[in-house]
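Taking it in order: structure first as structure tokens, then the write-up.
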Amino acid sequence: MDNLAFDTSVKPNNINIINKYTTQPGSLPKTVRDYLISQLQGEVVIVYAFVDLDEQMKLCNAWLVMTQSYLCLVNVNNDTSDKNKDCLTINFLIERSSITGVKDSTGLSCATLRIDCDTTSFTLPIIRYSYRQRLAISNIIFVLQQSLANVDIEIDNADREYSKAIAQPIRKAQALFVANRLSVVWRLMSYLMPYRLQLSVGIISAVVVTLMSLIVPFLTMRIIDDIYNPFIKGVITRDDALSAGSMIIAILVIVFVIREFSHWIRLRTMSVLGEYVARDIRTELYTHIQKLSLNYFTKKQTGSLISRVSNDTDRLWDFLAFGIVEVTLAAMMIVGLSIVLMVLDWRLGLVVIIPIPFLLWSFVLHSRTLNRIFTKAWRTWSKITEILSDTIPGIRVVKAFNKEKDEITKFNNQNNVTTNQFNEVHRTWTKFWPRILLALHLTLVAVWWFAIPRLFDDGTTSLAPLSFGTFLAFLLYMGMYFQPMEAIGMLMRMINRATSSAHRVFEVMDTEPEIKKSDSPIKLSPLKGEIEFQNVSFAYDGIRKVLKDISFKVKPGEMIGLVGSSGAGKSTITNLIAQFYEHNSGSILIDGIEINKLDIDMYRQQIGMVLQDPYLFHGTILDNIRYADKTKSLSEVIDAARAANAHDFICRLPHGYETIVGERGLTLSGGERQRISIARAIIVDPKILILDEATSSVDSETEKNIQDALDHLVEGRTVFAIAHRLSTLRKANRIFVLQDGELVEQGSHADLLEKEHGIYRRLTTLQHEMHEMYAV
Amino acid sequence: MNMTATSDIKETNSLFGLNDNGDLVFKPSTSETTVVTPSLCFPWMKNNEFISIRDKHGKEVFLIKSLSELDSKSFQAVNESLLAATFMMKIISIQKIHAEFEIRSWTVVTEQGPYKFQTQIDYWPQVLNKNLILIRDVTGNVFYIDSPYELDEKSLHLLWPYLD
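Each protein sequence line maps, in turn, to chains Z and B. If you read the first sequence in my numbering, its first letter stands for residue 1, the second for the next number, and so on. If you read the second sequence in my numbering, its first letter stands for residue 1001, the second for the next number, and so on.
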């Protein structure tokens, strides 16, 4: 619980998100806390939420605060006499003991909370709030509902729960990792460090390419001024001119060879280097993904994670291999060109250099305009994708309803809209580049304008003379401005794309696994299979308990059936046994040792799981059966398949155990897949076996086959079996009946049936009746 | 019990009312008064027609085909209880739309006051017709823009990529 005094121990990330993305405070303001201290002495805040709508649906600024004894709504209004001071008023103050019920109803964009009280002294409070506040308010509703059921909920830190509730939707939509672009680029660059040598070679090669490019116009200038002009004026002979010209041609050849050689070195080094870095990032990312807790995978979409490993790392390769060097070189080229021009002739140099900032700025503006038009084009493109992803998987429905023509018309219309939009993109960029070229040409004209009087200077003017060679070099150097400026123009887009990808990648890498490995793990092998839960409670979100104070002890070799309605906590128990999640309180002991202290890898090697949806990997049946242990012999594989009642159907397949299954492989029936998954579990001879609805989605005959296979499997192991069909649990030594996270009944099938008002008995009767009905 | 408006409204004076707590109550002549909640079948297309009236268990007890068919007291009661059910913030001006890592941040002025919200980067506002745009943010709030082409120049410029 949180004392009314200001708490500063809240994770800054959530508060930063609230401050950046919303207009509401990141925690209960100190003024409100102080006000409540003065009004409710001795009370502590348990939980609170911001209330942003009043009863007239106007935005307001109020706080719904729950303390040990009260629930109150505090309005915060700006003091009209002092803008820096808030005017606080208590809208209502209810004793929690008088609350008889809470109801919330939802609308399109706002929800309403009604509080029922056993008092008639005032109108029952109605609190309206936008969906942004929904999670924070639902925390209050939950605590109130639990206290109505005489269950005390402990919330460690009210500030943390509030900021988590407000920031959560944004964090889910965005990335969990928040950093500015520069720090992301620096972090990305750190991946280049192991390849310092290759990077240096790449950069030096790129510098050489730039320098060699700058030499060509310089040599042209020398040919004109040092050879051609002196020869025309008769200062040097034809032989001397030819000899000097040949020398320059030889230098030119050397320059071009060096340039292209360096170009090749640069391309090769950087593209290979980029691949290495992308490989390192992919490996680190995938290794980290494998370490993450199951909880993380429930928050993130599979497609998003796959895209991070594939598309994002590929985009990073592009940036690291070419982007960084391209941009650096472009900047170097512009600076180098400007220096060379100023050295050659500062007056003409200024004519060229002055427009450059304006041209660069026009690239930035163009990039913004293009981005806006692209957004619209992408939006229309996404509609085409929507049509495709709707109609191609649903083609049977389209054909069944004879809607092919309608779908074609819909697609064509959208296709036309998209084409028009992309044409708009083309119209924009094609309009831009001629303008830039025109600007460059006008700069060229300006150079001519200023150069010509100086070229034809006969000594009668005060103008500084200009050699023809210098003038020609100028023209050539000007032509070299275009490409680097274009690269600089693309800089923002390139950095945006790369940092977005890097951000998505780093977000995964920076996610800490929720289950931390013990520093000195205990290796428990072989496992006996004794499992004990001592007052175990667990909440996936930290507040709403899915398991409440569960205690039981299971002997090695015992079979336990888990029964209860959906959400009762059956799968959560098995998830905790497999340590997919860490329990919040109490202890879980495996062979008498706290589960957190075990070597988790060794422990999991001794657990077998057969799940409702038997996931098979792409590969042969053989690969799938010995997925857990590749060293198992072929005869062991056949034994496992026999025990799983799978051997016969596998042998009937043309390619036997080498039949490819999984994605794009042979389509097996649900029962066949399930039996392969049973063989996969059997082959490692697990000491603890978890059967989670293994027979729930198959027909009766297949169920019998699977059940026979499971009967082989359970012998000599500690088994936890979840089943909706209670008949499948008759062989269980004990059955645990769960209701709302509590263990409400336990005993053998026969014992539980004898309980007159027992839940298990009622469920069994209900299923029997259902069976009779369907049988009729 | 499942009725439609035309058959029953004419037989009773006030089919709906509000109790002391402000809850909508359904008062059919044939059974007891029940606290109910209205739910719009077509929230965007017809926000005053086809209103499903549901009891505390979520079961439909009545279907209002059109609010105009109700007596004045019932109309007032249902309308009032619909206030929260149909509430959405109306955007009257857009100050900034900023795309960043996986989200698009909108700074707007609504009829209720200035507001900041976020949409996912690959989410596009729903253009229902030329005159109505709905934007659902990451928290589930729905904002609407009525007559987008009548927005101020800057807002329209910012909104342009999201219009058909």
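Even glycine gets a Cβ: it sits at the ideal position worked out from N, Cα and C.
Work out the CA separation of residue j and residue i for me, nearest whole Å.
i: residue 268(Z); j: residue 1138(B); result: 44 Å
i: residue 523(Z); j: residue 680(Z); result: 23 Å
i: residue 435(Z); j: residue 450(Z); result: 22 Å
i: residue 193(Z); j: residue 327(Z); result: 19 Å
i: residue 821(Z); j: residue 171(Z); result: Past the boundaries of the shown model lies residue 821(Z); chain Z is included only from 1 to 776, so the question cannot be answered.
i: residue 656(Z); j: residue 671(Z); result: 17 Å
i: residue 651(Z); j: residue 720(Z); result: 31 Å
i: residue 827(Z); j: residue 205(Z); result: Since the first and last residues shown for chain Z are 1 and 776, residue 827(Z) lies out of range.
i: residue 786(Z); j: residue 562(Z); result: Outside the displayed range of chain Z (1 to 776) lies residue 786(Z), so it cannot be described from this structure.
i: residue 349(Z); j: residue 262(Z); result: 29 Å
i: residue 45(Z); j: residue 26(Z); result: 16 Å
i: residue 1110(B); j: residue 1093(B); result: 7 Å
i: residue 56(Z); j: residue 1090(B); result: 15 Å
i: residue 59(Z); j: residue 109(Z); result: 13 Å
i: residue 513(Z); j: residue 169(Z); result: 21 Å
i: residue 618(Z); j: residue 768(Z); result: 40 Å
i: residue 639(Z); j: residue 547(Z); result: 38 Å
i: residue 484(Z); j: residue 132(Z); result: 47 Å
i: residue 284(Z); j: residue 191(Z); result: 11 Å
i: residue 780(Z); j: residue 405(Z); result: As shown, chain Z starts at 1 and ends at 776. That puts residue 780(Z) outside it, with no answer to give.
i: residue 1151(B); j: residue 1114(B); result: 16 Å
i: residue 322(Z); j: residue 217(Z); result: 26 Å
i: residue 88(Z); j: residue 1046(B); result: 41 Å
Using 10 angstroms around the beta-carbon of residue i, count the other beta-carbons present and answer buried if the total reaches 16, otherwise exposed.
i: residue 1112(B); result: buried
i: residue 72(Z); result: buried
i: residue 376(Z); result: buried
i: residue 1155(B); result: buried
i: residue 554(Z); result: buried
i: residue 1119(B); result: buried
i: residue 117(Z); result: buried
i: residue 1157(B); result: exposed
i: residue 694(Z); result: buried
i: residue 358(Z); result: exposed
i: residue 750(Z); result: exposed
i: residue 687(Z); result: buried
i: residue 545(Z); result: buried
i: residue 389(Z); result: exposed
DSSP on residue i, reduced to helix/strand/coil?
i: residue 606(Z); result: coil
i: residue 641(Z); result: helix
i: residue 583(Z); result: coil
i: residue 1046(B); result: strand
i: residue 250(Z); result: helix
i: residue 1005(B); result: Caution is warranted here: a pLDDT of 43 is assigned to residue 1005(B), below 50, making its placement in the model unreliable, and no coordinate value can be reported.
i: residue 106(Z); result: strand
i: residue 628(Z); result: coil
i: residue 500(Z); result: helix
i: residue 116(Z); result: strand
i: residue 169(Z); result: helix
i: residue 526(Z); result: coil
i: residue 335(Z); result: helix
i: residue 1090(B); result: strand
i: residue 841(Z); result: In the structure as shown, chain Z starts at 1 and stops at 776, and residue 841(Z) therefore has no counterpart that could be examined.
i: residue 790(Z); result: The requested residue 790(Z) does not occur in the structure, where chain Z is confined to residues 1 to 776.
Compute the beta-carbon to beta-carbon distance between residue i and residue j, rounded to the nearest angstrom, for a pair I have assumed lies under 8 Å.
i: residue 380(Z); j: residue 428(Z); result: So it is not a contact: roughly 15 Å between Cβ atoms.
i: residue 163(Z); j: residue 14(Z); result: 4 Å
i: residue 678(Z); j: residue 729(Z); result: Actually they are not in contact, since the Cβ atoms of residue 678(Z) and residue 729(Z) sit about 17 Å apart, beyond 8 Å.
i: residue 551(Z); j: residue 533(Z); result: 6 Å
i: residue 281(Z); j: residue 47(Z); result: At roughly 41 Å, the Cβ-Cβ gap does not stay under 8 Å, so residue 281(Z) and residue 47(Z) are not in contact.
i: residue 111(Z); j: residue 129(Z); result: 6 Å
**Message:** Closer than 8 Å is the cut-off here; do at least three beta carbon pairs connect the segment 217-235 of chain Z with the segment 466-485 of chain Z?
**Reply:** yes
**Prompt:** Is there contact here, the segment 297-315 of chain Z with the segment 232-243 of chain Z, by at least three beta-carbon pairs under 8 Å?
**Reply:** no
**Item:** Cβ pair count under 8 Å reaching 3, the segment 571-584 of chain Z against the segment 596-611 of chain Z
**Value:** yes
**Prompt:** With contact counted as at least three CB pairs below 8 Å, one residue from each stretch, are the segment 137-151 of chain Z and the segment 87-105 of chain Z in contact?
**Reply:** yes
**Prompt:** Are there three or more Cβ pairs, one per stretch, closer than 8 Å when the segment 557-572 of chain Z is compared with the segment 734-748 of chain Z?
**Reply:** yes
**Item:** Three-pair Cβ contact test at 8 Å for the segment 246-263 of chain Z versus the segment 291-298 of chain Z
**Value:** no
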